[in-house]
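Participant: When we follow the UniProt record's numbering, the leftmost residue of the sequence shown carries the number 1, and every step to the right adds one. Every residue gets a Cβ at the ideal spot worked out from N, C-alpha and C, and that includes glycine. In this text, all values refer to a predicted model and were calculated from it rather than measured experimentally.
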Amino acid sequence: MQTVFKNIKGDRLIWAIVTLLAIASFLPVYSAASDLAYVKYNGNTFISFVKHFMHLFLGFAIMYGVHKIPYRYFKGLSLVMIPIVLVLLVITMLQGTVMGGASASRWIKIPIVGMSFQTSTFASVVLMVYVARYMSKIKDVDVTLKKSILPLWMPVFFVLALILPSNFSTAAIMFLMVIFLVFLGGYPVRYLGVILGSGLLALVFFVMFAKLTTGPLHVKVTTWENRIKNYSNNEDTEADYQIEKAKVAIASGKVFGVGPGKSIQKHALPQSSSDFIFAIIIEEYGLIGGFTIMILYMWLLFRIVIVSQKSDTIFGKLLVLGVGLPIVFQALINMAVAVELFPVTGQTLPLVSSGGTSIWMTCLALGIILSVSAKREEIKERELNEDNPLEILSETI
Numbered sequence: 001m002q003t004v005f006k007n008i009k010g011d012r013l014i015w016a017i018v019t020l021l022a023i024a025s026f027l028p029v030y031s032a033a034s035d036l037a038y039v040k041y042n043g044n045t046f047i048s049f050v051k052h053f054m055h056l057f058l059g060f061a062i063m064y065g066v067h068k069i070p071y072r073y074f075k076g077l078s079l080v081m082i083p084i085v086l087v088l089l090v091i092t093m094l095q096g097t098v099m100g101g102a103s104a105s106r107w108i109k110i111p112i113v114g115m116s117f118q119t120s121t122f123a124s125v126v127l128m129v130y131v132a133r134y135m136s137k138i139k140d141v142d143v144t145l146k147k148s149i150l151p152l153w154m155p156v157f158f159v160l161a162l163i164l165p166s167n168f169s170t171a172a173i174m175f176l177m178v179i180f181l182v183f184l185g186g187y188p189v190r191y192l193g194v195i196l197g198s199g200l201l202a203l204v205f206f207v208m209f210a211k212l213t214t215g216p217l218h219v220k221v222t223t224w225e226n227r228i229k230n231y232s233n234n235e236d237t238e239a240d241y242q243i244e245k246a247k248v249a250i251a252s253g254k255v256f257g258v259g260p261g262k263s264i265q266k267h268a269l270p271q272s273s274s275d276f277i278f279a280i281i282i283e284e285y286g287l288i289g290g291f292t293i294m295i296l297y298m299w300l301l302f303r304i305v306i307v308s309q310k311s312d313t314i315f316g317k318l319l320v321l322g323v324g325l326p327i328v329f330q331a332l333i334n335m336a337v338a339v340e341l342f343p344v345t346g347q348t349l350p351l352v353s354s355g356g357t358s359i360w361m362t363c364l365a366l367g368i369i370l371s372v373s374a375k376r377e378e379i380k381e382r383e384l385n386e387d388n389p390l391e392i393l394s395e396t397i
């Protein structure tokens, strides 16, 4: 274990923040998953605890392994992984899973182990690395929309088009993050307007097509519309059941909360251990607990920006922002949904919500960030050694 700690590189504060979020997740997940344990595990709540622990353990193993890889290798890996991601997304879509009449093709089964894997979260990380690679490549080149359509926007379009039918919120977040990243990378603003307009037009056509059908796509689009209408109307209906229970949980928590494991709304709130874990945290630990989680994410955002600024290459800077900002953005959306500042999206709270794929892909992204940070540390150590008088003397002898 000592050897592992000695070999940990990268931003120590990011390691600390991630560890604190992981530790803070155990009791809320254990508490919120109690009802699910009675349904799936004959009342054995400890299984949920062990499952969450194993997800986090594997996540930290992924983060540790990835942070040891020199980040320059991710350039080439993104080129290789984009076609693989597209194949995985097609396989996922062809499975044709339907829940409540709507398309819900988000997971594929991993052979042998039999575990489910959400391909869209993996696609998100790979796509952001790919976009960062392209933007760093054209940094000093006079780029035009025509030149960038095939190498940049076509992969983005295909990935988002395959995710959109079953997961609108993830596709929307990915599109916004890509637009923001290419803007930071210096992509001409006049072309960004064209891309934004094209994206909105494509969405309109998709919705119109779905409305003409009578299958799962129609049901899915109707669900999107209902969520937006319910949020806009500010009226309490049966469709607002989740958000109403979340608001009751938050109101019950007050300042100090009702205490660990004493949540009442976890028995009535669907997805209480994943999509609405933030509401359970506030109910059990109060506003103090809620603000603590929020501060940790803001601290993580601050460290991500610092690591990006300190990177010695354009690719490193864009890579950190590309894979790091979506983590914090997703966390903010999850918290906003719980307090009804945003329509229900189905986005989890990174590193806190239960769910293997979400944890693993967040740790993959954090491992990439730590890899960039580790490279900066390596450069600093080399510079210090070069300035060391004994080092200079030894080279001259």
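For Ile162, count the other beta carbons within 10 Å of its own beta carbon; 16 or more makes it buried, fewer makes it exposed. Which is it?
Facilitator: What you label residue 162 is simply residue 162 of the sequence shown in a count that begins at 1. Strictly speaking, residue 162 in this sequence is Leu, with Ile absent from that position. Its Cβ being crowded by 16 or more others within 10 Å, Leu162 is buried.
Participant: Can you tell me whether Pro165 is buried or exposed, with buried defined as 16 or more other CB within 10 angstroms of its CB?
Facilitator: Residue numbering aside, residue 165 sits at position 165 when the sequence shown is read from its first letter. The residue is buried, with at least 16 neighbouring Cβ atoms inside 10 Å.
Participant: So, at 8 Å on beta carbons, what are the nonlocal neighbours of Phe183 in its own chain, with the 5 sequence-adjacent residues on each side left out?
Facilitator: Your numbering for residue 183 matches position 183 in the sequence shown. The answer, listed in chain order, is Val189 and Leu192.
Participant: Return helix, strand or coil for Ser116, following the three-state DSSP convention.
Facilitator: As a position in the sequence shown, residue 116 is number 116, starting the count at 1. Three-state result, Ser116: strand.
Participant: For Gly59 and Leu296, what's the separation of their Cα atoms in angstroms?
Facilitator: For the purposes of this step, residue 59 is taken as the residue at position 59 of the sequence shown. For the purposes of this step, residue 296 is taken as the residue at position 296 of the sequence shown. Using only the alpha carbons, I get a separation of about 19 Å.
Participant: Per DSSP, what are the beta-bridge partners of Ile108 in this structure?
Facilitator: Indexing the sequence shown from 1 puts residue 108 at position 108. Ile108 pairs with Phe117.
Participant: I need the straight-line Cα distance from His67 to Val156, nearest angstrom please.
Facilitator: Looking up residue 67 in the sequence shown gives position 67. Looking up residue 156 in the sequence shown gives position 156. Their backbone Cα atoms lie some 26 Å apart in a straight line.
Participant: With a 10 Å radius around its C-beta and 16 neighbouring C-beta atoms as the bar for buried, classify Thr348 as buried or exposed.
Facilitator: Counting from one through the sequence shown, the residue named residue 348 turns up at place 348. Looking at its Cβ environment, which holds 16 or more other Cβ atoms inside 10 Å, Thr348 is buried.
Participant: Do Ile282 and Ala249 have their C-beta atoms closer together than 8 Å?
Facilitator: Residue numbering aside, residue 282 sits at position 282 when the sequence shown is read from its first letter. Residue numbering aside, residue 249 sits at position 249 when the sequence shown is read from its first letter. Yes, the Cβ-Cβ distance between Ile282 and Ala249 is below 8 Å.
Participant: What's the call for Leu321, buried or exposed, on a 16-neighbour Cβ count within 10 Å?
Facilitator: Counted from its first residue, the sequence shown places residue 321 at position 321. With 16 or more Cβ atoms within 10 Å of its Cβ, Leu321 is classed as buried.
Participant: Closest to Ile195 by C-alpha separation, out of Ser232, Val204, Ile149 and Trp224, would be which residue?
Facilitator: The residue given as residue 195 occupies position 195 in the sequence shown. The option with the nearest alpha carbon to Ile195 is Ile149.
Participant: Taking the C-alpha atoms as reference points, what is the distance between Lys6 and Met63?
Facilitator: The residue you call residue 6 lines up with position 6 of the sequence shown. The residue you call residue 63 lines up with position 63 of the sequence shown. About 15 Å.
Participant: Count the other C-beta atoms from every protein chain shown that fall within 10 angstroms of the C-beta of Val87, then say buried if there are 16 or more, exposed otherwise.
Facilitator: Your numbering for residue 87 matches position 87 in the sequence shown. Per the 10 Å Cβ criterion, exposed.
Participant: In chain order, what residues of the same chain have a beta carbon less than 7 Å from the beta carbon of Ser369, not counting five sequence neighbours either side?
Facilitator: Counting from one through the sequence shown, the residue named residue 369 turns up at place 369. A small correction: the amino acid at residue 369 is Ile; Ser does not occupy that position in the sequence shown. These residues qualify, in order along the chain: Ile14, Ile304, Val307, Val320, Val323 and Gly324.
Participant: Which class does Leu325 belong to by DSSP, given the choice of helix, strand or coil?
Facilitator: As a position in the sequence shown, residue 325 is number 325, starting the count at 1. Leu325 falls in the helix class under three-state DSSP.
Participant: Ends of the alpha helix (DSSP H) at Val248?
Facilitator: Taking the sequence shown and counting its residues from 1, the one referred to as residue 248 is at position 248. Looking at the DSSP string, the run of the alpha helix (DSSP H) that includes Val248 is Tyr241 to Gly253.
Participant: Report the CB separation of Ser136 from Ile379 in whole angstroms; it is logged as a contact under 8 Å.
Facilitator: Start at 1 with the first residue of the sequence shown, and residue 136 comes out as number 136. Start at 1 with the first residue of the sequence shown, and residue 379 comes out as number 379. Not quite, the Cβ-Cβ distance comes to about 18 Å (not below 8 Å), so this is no contact.
Participant: Between Thr213 and Ser353, what straight-line distance do the alpha-carbon atoms span, to the nearest angstrom?
Facilitator: Here residue 213 refers to the residue found at position 213 of the sequence shown. Here residue 353 refers to the residue found at position 353 of the sequence shown. Using only the alpha carbons, I get a separation of about 35 Å.
Participant: Around the C-beta of Pro350, are 16 or more other C-beta atoms found within 10 angstroms, so that it is buried, or is it exposed?
Facilitator: Your numbering for residue 350 matches position 350 in the sequence shown. Classification of Pro350: buried, given that the 10 Å Cβ count is 16 or more.
Participant: Starting from Thr45, follow the alpha helix (DSSP H) in both directions and report where the run begins and ends.
Facilitator: On the sequence shown, position 45 is the one that residue 45 refers to. First-last of the alpha helix (DSSP H) with Thr45: Thr45 to His67.
Participant: Restricting to runs no shorter than 4 residues, where is the alpha helix (DSSP H) found entirely within the segment 313-358?
Facilitator: Whole alpha helix (DSSP H) segments, 4+ residues: 314-338.
Participant: Exposed or buried, what is residue 402 when buried is set at 16 or more other beta-carbons lying within 10 Å of its beta-carbon?
Facilitator: This structure leaves residue 402 out entirely; the chain is present only between 1 and 397.
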